[in-house]
Amino acid sequence: MFFKFFKNISLICFILCSCSNRDTSNMASAQDFILASYKINEGKKEILQMQGLDVDNLSADLLENSSDVIEETDILNIEVYHPKRVDLINSIKSISKENGFAVLDGKIFFPDLGYFEVANLSLKEAKEKIQKRFQDEIKDIEIFISFKEKKPKKVEVAGIVTSEVFIDSKTRIFDILIKVKLPSNANLFKSYILRDNAFLSVDFYKLLKEGDMSQNIYVKNGDKIYIAESSSSKVYVLGEVCRQGYIEIPDGKISLKEAIAKVGGILYTADKSLIQVFRANVQDPKIYHLNWKYITELPNSCLNLIEGDIVYVSSTIISDWNKFITQILPTISLVDSAYRGFKNMGIIIDGG
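Just so you know, we're using my numbering here: the sequence shown kicks off at 1075 and counts up by one.
Below, the structure is given as structure tokens:
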């Protein structure tokens, strides 16, 4: 409670001090807003980079199917064929039928031939290794090998959906999302995959809404998939509009026109030439100055808002800072990301 109060006081102090000495380095035009919107249209990775995060491209290897390999505790089914050694055929068939060939300490055991190291080999590699060893003793023998029981593999799903999903080498992220019945209110932008504690920049929006199969990576044992709730990303529309407040943006972006429509539109008391977008939750914070007449002539794809943006529709040039403070503080004080962004812009000074 004290921290929120302190943040509010800090914001008030800065705004009052900045009325007469305002830094213009963060001011930006409509053209700048359009250029930023084009960048936003490129997807999640670009938005995260705008926010100052170091995000790598998805490796092409993530889209390559890796064949199952033999692992500890797997049980193999092995059969042999030889034109004369019926005794050997029946002996190995009996072992496979009863218990199978269990992988212990990375090895399987054959009567008379001893142990074979098979850990981390594909079935094809294991077959070739075993067959070569047999052929040193018995000519014209043929080996057939398959999994009788495979060590179970799974991924964990957390967030608004909680589940464990068993997978195989052919399972992709799209398959997982279908199995867990992804809710319609899931925040696709904030959802992510962790593999070995590393973030994979899979764009769930591109995959599910645009059908971009370059995002449909294979999942691996131990992957953690987090499905965020819709309320974890918001933009704020304040000032001379019908219903001031926040709008959830589960897709990571929303057009300025759509955002204003969602709050009931602009009041007749507004000066439509004085629309400002505070973009604070990025590495290079900006305040965009826009004119509604200009906005209405542009397509939505040129007018993107992202998480943490604050749209302020003025009745006049912001000279009545007390009114501005009264309107904006109750909203931004609830959101740490917006607070941090305003601090980055110099709109909040807290002595830290």
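Glycine included, C-beta positions come from ideal geometry on N, C-alpha and C.
Check	Outcome
To the nearest angstrom, how far is it from the Cα of I1114 to the Cα of S1389?	29 Å
According to the neighbour-count rule (16 or more other Cβ atoms, all chains shown, within 10 Å of its Cβ), is S1307 buried or exposed?	buried
Count the other CB atoms, across all protein chains shown, that sit within 10 Å of the CB of F1183; report buried if there are 16 or more and exposed otherwise.	exposed
Return the chain-ordered ranges of every alpha helix (DSSP H) run that is complete within the segment 1284-1342 and spans a minimum of 4 residues.	1330-1336
May I have the straight-line CA-CA distance separating I1421 from K1360, to the nearest angstrom?	Its pLDDT being 48, under 50, I1421 is placed unreliably by the model, and nothing is read from it.
Can you have a look at R1096 and say buried or exposed, based on whether 16 or more other CB atoms are within 10 angstroms of its CB?	Unreliable positioning characterises R1096 in this predicted model, as indicated by a pLDDT of 48, which lies under 50. The coordinate reading is nonetheless provided below. By the neighbour-count rule (16 or more Cβ atoms within 10 Å), R1096 is not buried but exposed.
To the nearest angstrom, report how far apart S1265 and A1302 are at their CA atoms.	5 Å
If I follow the unbroken beta strand (DSSP E) through R1269, where does it start and stop?	1260-1269
At the level of alpha carbons, what is the spacing between Y1279 and D1270?	23 Å
Can you tell which of I1219, I1380, K1298 has the C-alpha that lies nearest to the C-alpha of S1237?	K1298
Under 6 Å Cβ to Cβ from S1220, same chain only, skipping five residues before and after it: list those, please.	N1151
When you compare only the Cα positions, how much space is there between I1215 and Q1205?	7 Å
Taking DSSP as the reference, what is the three-state secondary structure of A1354?	coil
Measure the alpha-carbon distance for K1328 versus V1385 and round it to whole angstroms.	Checking the sequence shown, residue 1328 turns out to be Ile, not Lys. One C-alpha to the other measures close to 12 Å.
Any idea what DSSP makes of N1095, helix, strand or coil?	Its pLDDT being 44, under 50, N1095 is placed unreliably in this model, and the coordinates cannot settle the point.
What are the boundary residues of the alpha helix (DSSP H) that includes I1247?	1247-1253
Let me know if I1252 comes out buried or exposed under the rule of 16 or more other beta-carbons within 10 Å of its beta-carbon.	exposed
Out of E1371, V1351, G1180, K1367, which has the shortest C-alpha to C-alpha gap to E1381?	V1351
Taking DSSP's pairing of strands, which residues face V1385 in a bridge?	V1311, V1351
Assess, as a yes-or-no matter, whether the segment 1313-1324 is touched by the segment 1254-1268 under the definition of 3 or more beta carbon pairs within less than 8 Å.	yes
Buried or exposed for R1246, please, with buried defined as at least 16 other CB atoms from any protein chain shown within 10 angstroms of its CB.	buried
Give a yes or no on whether the C-beta atoms belonging to N1378 and L1312 are separated by under 9 Å.	no
Hey, quick one: how far does the beta strand (DSSP E) through K1427 stretch, first residue to last?	This structure does not reach residue 1427, given that the chain is present from 1075 up to 1426, and the question cannot be answered.
Could you tell me whether the segment 1272-1287 touches the segment 1194-1212, using the rule of 3 or more Cβ pairs below 8 Å?	no
Looking at S1141 and S1103, is the spacing between their C-beta atoms short of 9 Å?	no
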